[in-house]
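In the working numbering, the protein residues as written are 153 to 548.
For each residue, glycine too, the CB sits at the ideal point set by N, CA and C.
All of these numbers come straight from a predicted model, not from anything done at the bench.
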Amino acid sequence: MEEITFGNAIFTKQLKDTIMEPSKVFYTDFRTSAFGESLPAKLKRLSREAGIADIDMDGKFVAIKMHFGELGNISYLRPNYAKAVADLVKELGGKPFLTDCNTMYPGFRKNALEHLECAWENGFTPLTVGCPVIIADGLKGTDDIAVPVEGGEYTKEALIGRAVMDADVFISLTHFKGHEMTGFGGTIKNIGMGCGSRAGKKDQHSAGKAIIDEASCRGCRRCERECANGGLVYDPVSRKMHVDDSHCVGCGRCLGACNFDAIDFTQDQAISILNAKMAEYTKAVVSGRDSFHISLIVDVSPYCDCHSENDAPILPNIGMFVSKDPVALDQACVDACLAAEPLRNSVLGDHIHEEGFHDYHDHFKNTTPESEWETQLIHGEKIGLGTRAYELIFMK
153 MEEITFGNAI
163 FTKQLKDTIM
173 EPSKVFYTDF
183 RTSAFGESLP
193 AKLKRLSREA
203 GIADIDMDGK
213 FVAIKMHFGE
223 LGNISYLRPN
233 YAKAVADLVK
243 ELGGKPFLTD
253 CNTMYPGFRK
263 NALEHLECAW
273 ENGFTPLTVG
283 CPVIIADGLK
293 GTDDIAVPVE
303 GGEYTKEALI
313 GRAVMDADVF
323 ISLTHFKGHE
333 MTGFGGTIKN
343 IGMGCGSRAG
353 KKDQHSAGKA
363 IIDEASCRGC
373 RRCERECANG
383 GLVYDPVSRK
393 MHVDDSHCVG
403 CGRCLGACNF
413 DAIDFTQDQA
423 ISILNAKMAE
433 YTKAVVSGRD
443 SFHISLIVDV
453 SPYCDCHSEN
463 DAPILPNIGM
473 FVSKDPVALD
483 QACVDACLAA
493 EPLRNSVLGD
503 HIHEEGFHDY
513 HDHFKNTTPE
523 SEWETQLIHG
533 EKIGLGTRAY
543 ELIFMK
């Protein structure tokens, strides 16, 4: 084991006013020797180095929270990694199951039947991953439990899928990638947003309302297909979209669907509140029980795996990161990404070479300028979810 740096970024963070000791984040790259150890086996070894075996799993239910990918999207984590984690849990005496909650928006994961079929089509079956696949908030996304959030500023009770909370041990397995609103989708988003029931997701997304710039709107109605709540109304006379504020919940799906930058949000702080709520939902999930967190920086797509497509990666594959601290883990992953060289044939590469490009010195903001990610880490640290200070330990 050794401390490692990427480029000019030093990966031992110690923030000025923190009173918490730096958390340990373990890291390995995607290198393997010929006829040697496979990447799933390397992930198992990294998890053991990070102390997963210290968790008492004997005879206990272990939820492994991940994203199964929307149909048409192929940047989600391969089932091989899920099987490695499930096998490791079984070696430690646990009873693992893969899980996720239903979505708020149209697609193939809005109810448990379609969600399971989507997971199976994308390769996640009991045969391929070695454990059951359970949709945590039930058939229609209504099987949730209100979980108190200690120290929550925006959420007093988080609405979490019941199966997630019924588990004795919680493990997150995250595909670290870009996101059109929260900058990146990391561990906090995988847990906080991902474990929320359909009502919980609506609660997290409800801070802002969409607005439409009619001059930029082409009337293509692509955004309308993404709205699950009747918040967008098409005017056949003007051939423009309009927002029905009484139904818009501020979920932001229309933002990612618009190719013409015609959609924005009425509240400047909407994304920061969303980030804060995700951190509070994450705290609700992990508080009071053992948890362990894995994040893989691979196929770093510019947008969420919830899309039914994925664009080319904006950054190279970096490695596998593991920690018991979700805040430190996200901080380490975003630091690794910011230290990496952008890939030219990507959304990020295109933006960098555009005339008049404004450099935010942030790969995620340069990809989606209206996004913002840091408040989820700031708020997570503030409410005691974890610390942004970390020690990165490299494993060959």
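Can you give the Cα-Cα distance for residue i and residue j, rounded to whole angstroms?
| i | j | result |
| --- | --- | --- |
| P468 | L495 | 7 Å |
| H267 | C458 | 12 Å |
| H443 | V321 | Correcting the residue identity first, residue 443 is Ser in this sequence and not His. Their backbone Cα atoms lie some 6 Å apart in a straight line. |
| K308 | T326 | 26 Å |
| A380 | R200 | 42 Å |
| L229 | I323 | 15 Å |
| D420 | K361 | Because the pLDDT at D420 is just 47, under 50, the model does not fix this residue reliably, and the point stays unresolved. |
| M172 | I530 | 14 Å |
| G282 | L250 | 10 Å |
| E507 | P521 | 15 Å |
| I535 | E378 | 33 Å |
| H513 | A492 | 12 Å |
| I204 | L198 | 9 Å |
| N263 | G290 | 8 Å |
| W525 | N427 | 7 Å |
| I504 | N497 | 11 Å |
| T255 | A422 | 20 Å |
| L537 | K341 | 13 Å |
| K354 | M218 | 20 Å |
| C556 | H510 | Any answer about residue 556 is impossible in this case: the structure gives the chain only from 153 up to 548. |
| G352 | D206 | 32 Å |
| K584 | L265 | The structure shown does not extend to residue 584, since the chain is modelled only from 153 through 548, so no value can be given for it. |
| Y386 | D477 | 45 Å |
| T434 | M345 | 8 Å |
| A234 | S390 | 49 Å |
| L490 | P388 | 44 Å |
| F260 | T539 | 36 Å |
| T294 | V450 | 33 Å |
| F187 | R441 | 39 Å |
| I216 | R370 | 42 Å |
Could you give the DSSP three-state label for residue i: helix, strand or coil?
| i | result |
| --- | --- |
| M256 | coil |
| T520 | coil |
| K476 | coil |
| A186 | coil |
| P248 | strand |
| L544 | strand |
| K534 | helix |
| S199 | helix |
| V486 | helix |
| L265 | helix |
| K353 | helix |
| Y455 | coil |
| H179 | The question names His, but residue 179 in the sequence shown is Tyr. It is a strand residue. |
| K217 | strand |
| T339 | helix |
| H510 | coil |
| T194 | As written in the sequence, residue 194 is Lys, which differs from the Thr given in the question. Three-state DSSP puts K194 in a helix. |
| G360 | coil |
| K235 | helix |
| G501 | helix |
| I323 | strand |
Report all residues from its chain with a CB closer than 7 Å to the CB of residue i; omit the five preceding and five following residues, and keep chain order.
| i | result |
| --- | --- |
| V499 | P454, D463, I466 and T519 |
| S368 | F412, D413 and A414 |
| A271 | F220 and V285 |
| V299 | E309, A310, I312, M317 and A436 |
| I439 | Correcting the residue type first, residue 439 is Ser in the shown sequence and not Ile. So the list reads E302, once near-sequence residues are dropped. |
| C406 | A362, C375, E378, C379, L384 and I415 |
| I226 | N462 |
| E432 | V301, G304, Y306, T307, A310 and I535 |
Using a Cβ-Cβ cut-off of 6 Å (strictly less than) and excluding sequence neighbours within five positions of residue i, which residues of its own chain qualify?
| i | result |
| --- | --- |
| I446 | L325 and V474 |
| C456 | H331 and G337 |
| G246 | M209, K212 and V214 |
| A238 | P248, V281, G282 and C283 |
| G404 | M333 |
| N232 | P192 |
| G224 | S460 and E461 |
| N452 | The residue asked about is misnamed: residue 452 is Val in this sequence, not Asn. Here the set comprises K329, P465, I466 and L467. |
| A202 | F178 and V474 |
Leaving aside the five residues before and after residue i along the sequence, list all residues of the same chain whose C-beta is less than 8 Å from its C-beta, in chain order.
| i | result |
| --- | --- |
| I363 | V395, I415, D416, F417 and T418 |
| Y257 | E378, C379, A380, C403, R405 and C458 |
| T527 | I423, S424, N427 and A428 |
| K194 | T180, T184 and M472 |
Compare the C-beta of residue i with all C-beta atoms of chain C and state if any pair is closer than 8 Å.
| i | result |
| --- | --- |
| G245 | Given the protein chain composition of this structure (a single chain), no chain C is represented. |
Residue ranges of each beta strand (DSSP E) run of no fewer than 3 residues wholly in the stretch 367-445, ordered along the chain?
If we require 3 residues or more, the beta strand (DSSP E) runs fully inside the stretch 367-445 come out as 384-387, 392-395 and 415-417.
Whole beta strand (DSSP E) runs in the stretch 277-321 with 3 or more residues, listed along the chain?
DSSP runs (the beta strand (DSSP E)) wholly in the stretch 277-321: 285-287, 296-300 and 309-313.
Cβ contact check for the stretch 370-388 and the stretch 510-517: 3 or more pairs under 8 Å
By the Cβ rule, the stretch 370-388 does not count as touching the stretch 510-517, because fewer than three pairs are nearer than 8 Å.
Indicate whether the contact test is met: 3 or more Cβ pairs, each with one atom in the stretch 384-400 and one in the stretch 268-276, closer than 8 Å.
Here the stretch 384-400 does not lie against the stretch 268-276, with fewer than 3 beta-carbon pairs under 8 Å apart.
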